[in-house]
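Heads up: the sequence lines are chains A and B, in that order. Reading the first sequence from the start, the letters are residues 31 to 231 in this note's numbering. Reading the second sequence from the start, the letters are residues 261 to 663 in this note's numbering.
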Amino acid sequence: MKLTVSVLAITAKLISGATVRWHECQPDTCQRIYFANHTSHLDALVLWSSLPGPIRDLTRPVAAKDYWGQGAVRRYIARQFNALLIDRDEIKVHQSPVDMMIREIGLTHSLIVFPEGGRNTEEEMQEFKSGLYHLSKKRPDLELVPVYIDNLNRVLPRGEFLPVPLLTCITIGPPMWLEPKEPKNEFLKRARDAVRRLKDL
Amino acid sequence: MAIAPAPLFDALLLAQFGGNIRLDARTNILLGSVMGILIVAAIVGMALRRQPESTASPAVVTTFNRRVWAWWMMFAILISGFLFGYVATVVLFGLVSFWALREFITMTPTRRGDHRTLFWSFFLFTPLQYFLVGWGREAYSLYTVMIPVYASLFVPARIAISGDPKRFLERVAKLQSGLLICVYAVSHAPAILDLELTTADGQPWVLGTAAASAASSSPESSVVANGKTTGKGANSAQTKKSAESKAAAGTSPSIGAATPAPRQIFGSNAGLLFFFVLIVQLSDVFQYMWGQLLGRTVIAPQINASRTWEGLIGGVLSTVLLGILLSWATPFGIVWAGPIAGLVALAGFAGSMTMSGIKRDRNVKDYGTLVSGHAGVLDRIDSICFAAPVFFHITRFFFSNIG
Chain A
31 MKLTVSVLAI TAKLISGATV RWHECQPDTC QRIYFANHTS HLDALVLWSS LPGPIRDLTR
91 PVAAKDYWGQ GAVRRYIARQ FNALLIDRDE IKVHQSPVDM MIREIGLTHS LIVFPEGGRN
151 TEEEMQEFKS GLYHLSKKRP DLELVPVYID NLNRVLPRGE FLPVPLLTCI TIGPPMWLEP
211 KEPKNEFLKR ARDAVRRLKD L
Chain B
261 MAIAPAPLFD ALLLAQFGGN IRLDARTNIL LGSVMGILIV AAIVGMALRR QPESTASPAV
321 VTTFNRRVWA WWMMFAILIS GFLFGYVATV VLFGLVSFWA LREFITMTPT RRGDHRTLFW
381 SFFLFTPLQY FLVGWGREAY SLYTVMIPVY ASLFVPARIA ISGDPKRFLE RVAKLQSGLL
441 ICVYAVSHAP AILDLELTTA DGQPWVLGTA AASAASSSPE SSVVANGKTT GKGANSAQTK
501 KSAESKAAAG TSPSIGAATP APRQIFGSNA GLLFFFVLIV QLSDVFQYMW GQLLGRTVIA
561 PQINASRTWE GLIGGVLSTV LLGILLSWAT PFGIVWAGPI AGLVALAGFA GSMTMSGIKR
621 DRNVKDYGTL VSGHAGVLDR IDSICFAAPV FFHITRFFFS NIG
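Next comes the structure, spelled out in structure tokens:
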């Protein structure tokens with residue numbers, strides 16, 4: 031189990047050649063929500079692999095069930111990296127993804143989320159969906175850590191299944207929190223800017 | 261040969277070391293001196309890092325240390341390749357190419373439609389080129405056209421099939437030149453190892469005969485004969501052993517060594533490859549040094565602000581001199597080693613200028629800083645890329661048995 035996890039993480043690192051930069055942020059095992067731009071199916075896997083081992087063990091990427099739940103291999107990989115599969119097609123009122131995330135992480139785990147929802151094919155990032163806001167409204171103690179994933183969309187673009195091993199770069203930025211009484215739209219805009227700012231560092 | 265002052269030194273130069281790549285004593289002397297220089301450079305680098313900023317500018321120190329580190333890597337790659345044989349060397353150079361292509365393509369923007377073509381470039385053409393080089397000189401006619409002809413035809417066709425016409429020619433050219441520079445050109449360096457080297461007059465590059473070294477009966481060479489991995493070597497070692505046990509009865513041991521027919525000792529291809537990498541790297545250093553000392557006229561300020569005519573001329577002349585000084589490690593002889601080294605220096609210069617042009621076009625300073633933390637393989641091998649085919653073809657045409 032532990033071995034497959036390491037093999038998986040090393041493979042992901044080899045394919046993506048990812049450089050990881052911690053900018054005004056230190057690796058920590060405290061409970062965090064890493065939120066990143068979404069450009070490739072590999073995003074969750076690569077970001078998760080680029081975290082240091084002890085943090086990786088405590089971090090669960092939120093991934094789309096319609097992709098990672100499909101086929102034995104993907105399901106196996108998703109289970110190995112401890113993914114939290116979210117059904118994007120069928121969001122029920124009493125089983126909202128945010129409640130599920132909060133329940134799943136308890137008081138120990140961190141999450142990796144992609145607030146853009148779907149993968150982005152444009153150069154520019156899409157508007158963030160409100161999940162991140164609701165999540166931090168319910169758990170204001172969680173550190174929100176912006177992450178910018180660069181170049182990974184070229185490694186494995188939408189609809190492709192064979193990766194091209196280009197070099198990618200992951201920048202992890204300074205943590206932020208939901209301010210008291212901060213309006214939803216302002217917060218989401220601030221969060222999106224926090225990710226975008228990391229692009230130019 | 262030029263350097264043979266004393267019989268002992270001569271014997272030392274002729275000693276042979278096992279493995280499937282011949283590492284003769286000349287090569288070992290070359291490797292040893294370079295390693296000594298690298299150790300000194302590493303110590304100097306460490307000392308510089310401790311200096312206060314007033315005496316040594318941190319940027320220069322960082323550049324210096326990065327270079328030294330890259331040379332250690334190159335040295336390690338060449339040595340481990342030599343120790344594990346021809347195929348291992350080819351594989352290691354293949355990995356270097358793969359990484360260089362990775363940096364090249366990461367830097368050049370591609371479009372969605374290029375994805376599959378990129379995939380084939382990385383996982384079909386790069387391995388195939390090195391597979392053919394690894395096959396050896398019989399495959400020369402294939403590996404010499406695989407990328408310039410077949411990959412160059414495949415790339416536009418595959419991109420066309422993907423159905424995206426935007427900036428078509430530009431995208432094709434990017435991929436073609438990436439493959440040509442990073443893969444095709446570099447693959448000529450390990451191919452040097454499989455040439456049947458001759459001297460300028462077409463005779464096999466023979467340094468001497470084994471009898472000569474056996475006569476001096478240096479313990480070194482007999483140990484090595486036992487360590488030889490080839491079947492032939494093992495046989496002769498056995499006969500030698502039995503001869504020696506007989507010799508214990510009363511005869512002198514030198515008779516045992518003299519029984520096999522005098523074996524010719526050929527020059528070492530590994531040494532020649534090492535000579536090549538060494539002069540390319542040092543010509544870079546020479547050009548930098550002369551540029552710093554005398555540099556006034558910048559060749560192309562918009563491409564590279566530090567390359568000057570003075571640096572180029574000084575660098576090429578110094579490389580010619582170095583080539584002459586190291587001619588004992590090559591089959592070229594004193595006459596040709598100089599001009600060949602000069603040509604290699606010019607080709608290396610052309611490579612650096614070309615890569616600078618590409619970098620300026622893409623607005624990146626170093627391939628290394630493109631994605632921070634990476635070593636920037638392309639920064640270090642840009643001159644090798646252009647010099648390798650030149651050196652290979654000169655050596656192959658004039659100094660090898662094409663057959």
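Ideal placement from N, C-alpha and C gives every residue a C-beta, glycine not left out.
| query | Could you give the distance in angstroms between the alpha-carbon of residue 549/B and the alpha-carbon of residue 584/B? | reply | 20 angstroms
| field | Span of the beta strand (DSSP E), counted from its first residue to its last, around residue 52/A | value | 49-52
| task | State the beta-bridge partners of residue 173/A as determined by DSSP. | result | 62/A
| field | Of the residues 310/B, 527/B, 613/B, the one placed nearest residue 544/B, counting alpha carbons only | value | 613/B
| said: With H, G and I counted as helix, E and B as strand and the rest as coil, what does DSSP make of residue 21/A? | reply: Residue 21/A lies beyond the stretch modelled for chain A, which goes from 31 to 231, so this question has no answer here.
| said: Please report the straight-line C-alpha distance between residue 448/B and residue 374/B, rounded to a whole angstrom. | reply: 27 angstroms
| request: Take every Cβ of the segment 418-425 of chain B, pair it with every Cβ of the segment 386-405 of chain B, and state whether three or more of those distances are shorter than 8 angstroms. | output: no
| How many angstroms separate the CA atom of residue 425/B from the CA atom of residue 432/B? | 11 angstroms
| When the Cα of residue 71/A is compared with those of 92/A, 83/A, 160/A, which residue comes out closest? | 92/A
| said: Strictly under 8 angstroms for the Cβ-Cβ distance: is residue 379/B near chain A by that measure? | reply: yes
| The alpha helix (DSSP H) enclosing residue 91/A, as first and last residue numbers | Residue 91/A -> not in any alpha helix (DSSP H); beta strand (DSSP E) instead, spanning 89-94.
| From residue 487/B to residue 463/B, what does the alpha carbon distance come to, in whole angstroms? | Residue confidence is low: residue 487/B scores 33 on pLDDT, short of 50, so the model does not pin down where it sits. Its coordinate-derived value is still stated next. Their backbone Cα atoms lie some 29 angstroms apart in a straight line.
| field | Simplified DSSP assignment, three categories, for residue 592/B | value | coil
| Is the beta carbon of residue 204/A less than 8 angstroms from the beta carbon of residue 55/A? | yes
| request: Could you check the C-alpha separation between residue 553/B and residue 574/B for me, to the nearest Å? | output: 10 angstroms
| Under 8 angstroms between the Cβ atoms of residue 458/B and residue 288/B? | no
| request: Report yes if the C-beta distance between residue 342/B and residue 349/B is below 8 angstroms; otherwise report no. | output: yes
| request: Measure the C-alpha to C-alpha separation of residue 132/A and residue 174/A and round it to an integer number of angstroms. | output: 14 angstroms
| query | Nearest chain B C-beta to residue 194/A closer than 8 angstroms, yes or no? | reply | yes
| said: Which residue wins for smallest C-alpha separation from residue 402/B, given the options 451/B, 646/B, 300/B, 313/B? | reply: 451/B
| query | Which residue comes first and which comes last in the alpha helix (DSSP H) that contains residue 67/A? | reply | Where residue 67/A is concerned, there is no enclosing alpha helix (DSSP H), given that its DSSP letter is neither H nor E.
| field | Any chain B beta carbon closer than 8 angstroms to residue 228/A | value | no
| Where residue 605/B sits in the DSSP three-state scheme | helix
| said: Mapping the DSSP letters down to three states, classify residue 126/A as helix, strand or coil. | reply: coil
| field | is_contact[residue 47/A, chain C] using C-beta, thresh 8 angstroms | value | This model lacks chain C altogether, as its protein chains are A and B.
| field | Nearest-angstrom Cβ-Cβ length linking residue 446/B and residue 351/B, presumed shorter than 8 angstroms | value | Contact flag wrong, Cβ pair sits at about 13 angstroms.
| Exposed or buried, residue 313/B, counting other C-beta atoms within 10 Å across all chains shown (16 or more means buried)? | exposed
| Among 406/B, 530/B, 423/B, which has the Cα closest to the Cα of residue 340/B? | 530/B
| request: Taking 8 angstroms as the threshold, find out whether the segment 94-105 of chain A comes into contact with the segment 184-201 of chain A through three or more Cβ pairs. | output: no
| message | Please list, in chain order, the chain A residues whose beta carbon lies closer than 7 angstroms to that of residue 366/B. | response | 181, 196, 197
| Within this structure, are the beta carbons of residue 45/A and residue 145/A separated by less than 8 angstroms? | no
| query | Could you check where the beta strand (DSSP E) with residue 670/B kicks off and where it finishes? | reply | With chain B running from 261 to 663 in the structure shown, residue 670/B is simply not present.
| task | Counting only the same chain and skipping the five closest in sequence on each side, list residues whose C-beta sits under 7 angstroms from that of residue 566/B. | result | 551
| Simplified DSSP state of residue 405/B, which is helix, strand or coil | coil
| said: If we define contact as Cβ-Cβ less than 8 angstroms, is residue 669/B a contact residue for chain A? | reply: Nothing in the structure corresponds to residue 669/B, since chain B is present only between 261 and 663.
| query | Quick one: does residue 398/B have its CB under 8 angstroms from some CB of chain A? | reply | no
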